[in-house]
Structures are given as structure tokens and as C-alpha cells.
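The numbering of the sequence shown is our numbering, which starts it at 1252 and goes up by one.
Where a beta carbon is used, it is the ideal one built from N, C-alpha and C, also for glycine.
The structure presented is a predicted model; accordingly, all values stated were derived computationally and were not measured.
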Amino acid sequence: MKIAVIGAGVMGLVTAHHCALRGGRVTIYERRPEAGRGCSWYAGGMLAAWCEMESAEPLIGELGLESLSYWKTHFSHVVEKGTLVLAPPRDLPDLKRFAARTHAHEWVGRDAMAALEPDLAERFETALFFKGEAHLDPRDTLDALRQKLIGDYGVTIVMDHAVTPNDVDADHIFDCRGYEARDVLPDLRGVKGEMLILRTKEVSLSRPVRLLHPRIPVYIVPRADHHFMVGATMIESGDRTRFSARSMVELLNAAYAVHPAFGEAEIVETGTDVRPAFADNLPRIRRDGKILRLNGLYRHGYLGAPAVARRAAEIVFEGKSFPEVER
Ligand SMILES: Cc1cc2nc3c(=O)[nH]c(=O)nc-3n(C[C@H](O)[C@H](O)[C@H](O)COP(=O)(O)OP(=O)(O)OC[C@H]3O[C@@H](n4cnc5c(N)ncnc54)[C@H](O)[C@@H]3O)c2cc1C
């Protein structure tokens, strides 16, 4: 079966993988000169199915657990060390509220904190530990996925080539253009996210840390070579260009609140992009003849895409239907 995938973000790449696993002959079209340089490039890479349930619908938890299993099965990049959720002592009621709205966590005190994250034990006496969560480096993962598709499955990736579904010839076309697909998905909106990459040798973290914060719930994800991704703002906007001074101040303040040594860190990168989202922040598969539109991953790109892609591939290859996402 001849398959075309438009867009080489996380949604397009994992869709190509699921189709190739089922014997599809896949060509991916990407408008940029390199794969995965859209919204997917700026993600934290947290696979936080349980933490996300604090504000998301149960479907996200279900998709998240399936996606975690996909990443673990196919890639070696997944770090399974859980997530720590922190609050300054004055915001302890917020931490209790977070605990009440989530599950699969345990309370940790100072001794356990010292064992899990020694650099944070002095400032945070108590935290919530979500042991079953994981994280990955999105950029390494996208590159590995691209290489796997080309090397193991003979997938063709046509870069620097913007197309619409009407331009390509295939038995089935998966439209994975993210926020750019709003020409055919008028109910798609943008949720802008700004992020930083800091570098310091003065702080060591083994796992993502979330700080409950009155305005921005900030997280810090450790990456290789003393790098830390600090994210992310959530702004109702389709503007992917402007990083505001206010956002910079708030992200840096929050990082400083987690550990003062972040105040001396080098700012290696600032990034901004737009999360594609529908009104309920849940992903969708929309069928339109031989076109399937896979979109609305919101802040659950790595958490949701593999599970959405598996469903999309089974619609096409096995004639199944999935009412939970076909809306
Ligand atoms: C700051 C930030 C932090 C985030 N953190 C997390 C996180 O920790 N965990 C998580 O799970 N999610 C996270 N997300 C969300 C996640 O990044 C998105 O949900 C996901 O990247 C959306 O993927 P996508 O493939 O749909 O879109 P994109 O990554 O935008 O991919 C769409 C691709 O289509 C291409 N394209 C567009 N138009 C055309 C065309 N006409 N022809 C060819 N190609 C085209 C684009 O160039 C792009 O490469 C975060 C997002 C942001 C912004």
C-alpha cells in the first residue's frame, strides 16, 4: 500500500513508523530542510502520563501509557527515573491539591529527597514522586526515528518540500502538518510555548522536576552535558516568533527558585513554537476520503503521538475505528 505522510514532526514520523511496520511503502514530505524542526523540536520530552492527569482528560493517561511503552520498545533514549513535583513551603496547599487530583505517586520527605535529588534536598523538604514516569530527549529521538525509518524500512523523506494533501499521489495520505493544517481544520488553535536551554555544572538532576507556581507551572528537564530544558509558557496565541521579556523573567525566576545556581547558568538557547490544539485539548483523527488528518496533540506530543499513530495505521490497514479520537 502506497502511503504519503505530510509533516516530519513527531506525529508524522511515528505515523510513518506504524505504517512501515504494517508493510506500507511510505514517503514523508517535509517543508523544512530538516525533519522534526517544528513544534516537536522545542518539547521537554516528558512522558508524564500521571502528572498530566492533574488537568487532562482520562484519555490522555490511556494514550500516554501506550506511548510510553512504544518509546521503550523501539528506542533506547527513554530515561525511566520518574518525575518530582515540588512546591515552595508557602505553596504546600498547592502540592496537596495536585496530589488529590492525581495518582500513582508517593510523598517523599527530606531523606528520600536527598537520595533522589541531593541538590534539591536543602530547599525542598517534601515532594511528590511519580515513580512510573519517564522522559526522553526529543531531538535525539526524532533523529533516531528518522534514521530508523530510512535505514530499517526504506522510507523516503522528501525535505524542503511543502505540499498539500491534494498534491500527492498515494493510496492513503496522513496529514500531520501540526498548526499549519488550520486551512482545513478551522477549529485548530495555537497555544504558544516558550522554553530555554540552560547550561551549568553547578546543578545535577536525574529526572524532570516540576515546580508548582501560581502563574506558570514550570518544569526543568535534565539533558546531556549539563544542559537543562526549562519550560514552558502556555499562551493562547499562534505567534511562534516572539519570546517576551515577561516570559523570560518568569521562567528564569522559577529555575532560580528550584536552585539558585541556575542564576549563574549560561543561556544556551531560547525557543518558541505553537502547540496545535482543539478546544478540549485532545488529539483527533479526522477522515476525509483517503486523507486522515492527525492533529491537536497540544502539550502531549510525545505522550500522545505513538498511540494516535497506531490507531490511524489500524484504521487504514485493518479497517478498524476508534471513536475516542475520531471526532
Ligand atoms: C515549549 C514546548 C514544550 C513541550 N513539551 C512537551 C513535553 O514535554 N511532552 C510532550 O509530550 N509534548 C510537549 N510539547 C508538545 C509537542 O511538542 C507537540 O504536541 C508536538 O510537537 C506536535 O507535533 P506535530 O508533529 O503535530 O507538529 P510539528 O512538530 O509542528 O510538526 C509538523 C511538521 O509539519 C511540517 N509542515 C507543515 N506544513 C507543511 C507542508 N505544507 N508540507 C510539508 N510539511 C509541512 C512542519 O514543518 C513540521 O515539521 C511541547 C511543546 C512546546 C512548544
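Report the rounded CA-to-CA distance for residue i versus residue j, giving the unit in angstroms.
i        : j        : result
Tyr-1321 : His-1328 : 12 Å
Ala-1366 : Val-1469 : 23 Å
Phe-1579 : Val-1509 : Lying outside 1252 to 1578, the shown extent of the chain, residue 1579 is not represented and no answer is given.
Thr-1486 : Glu-1445 : Here residue 1486 is Ile; the residue named in the question, Thr, does not match the sequence. So the two alpha carbons sit approximately 9 Å from each other.
Leu-1316 : Ala-1564 : 18 Å
Pro-1473 : Ala-1512 : 14 Å
Phe-1494 : Glu-1431 : 20 Å
Ile-1566 : Phe-1573 : 8 Å
Ala-1516 : Ala-1505 : 13 Å
Ala-1556 : Thr-1266 : 8 Å
Glu-1285 : Ala-1363 : 43 Å
Arg-1348 : His-1423 : 46 Å
Phe-1380 : Ala-1300 : 13 Å
Ile-1279 : Asp-1531 : 29 Å
Assign residue i to one of two classes, buried (16 or more other C-beta atoms within 10 Å of its C-beta) or exposed (fewer than that).
i        : result
Ala-1413 : exposed
Lys-1541 : exposed
His-1268 : buried
Asn-1546 : buried
Arg-1428 : buried
Glu-1373 : exposed
Val-1576 : buried
Identify the residues that DSSP records as bridge partners of residue i: which are they?
i        : result
Met-1297 : His-1386
Phe-1589 : In the structure displayed, the chain extends from 1252 to 1578; residue 1589 sits before or after that span and is not available.
Asp-1418 : Beta-bridge pairing links Asp-1418 to no other residue.
Tyr-1549 : According to DSSP, which records beta bridges pairwise, Tyr-1549 is partnered with nothing at all.
Ile-1542 : Ile-1424 and Asp-1539
Ser-1280 : Per the sequence shown, the amino acid found at residue 1280 is Tyr instead of Ser. Answer is Ile-1257 and Val-1409, bridged to Tyr-1280.
Glu-1520 : Ile-1448
Phe-1479 : Leu-1449 and Pro-1473
Pro-1527 : Gly-1441
Ala-1486 : As written in the sequence, residue 1486 is Ile, which differs from the Ala given in the question. In the DSSP output, where bridge partners are listed per residue, Ile-1486 has Lys-1443.
Residue i: beta carbon under 7 Å from a heavy atom of ligand 1?
i        : result
Asp-1524 : yes
His-1477 : no
His-1356 : no
Arg-1348 : no
Met-1297 : yes
Gly-1383 : no
Val-1519 : no
Pro-1465 : no
His-1551 : yes
Asn-1546 : yes
Glu-1313 : no
Leu-1554 : yes
Ile-1257 : yes
Val-1414 : yes
Tyr-1280 : yes
Gly-1489 : no
Ser-1291 : yes
Val-1406 : no
Tyr-1321 : no
Met-1304 : no
Is any beta-carbon of chain C found at less than 8 Å from that of residue i?
i        : result
Ala-1558 : Absent from the structure is chain C; it holds one protein chain and no more.
- Message: Could you tell me which whole beta strand (DSSP E) segments of length 3 or greater appear in the segment 1405-1458?
- Response: 1407-1409, 1423-1426 and 1440-1450
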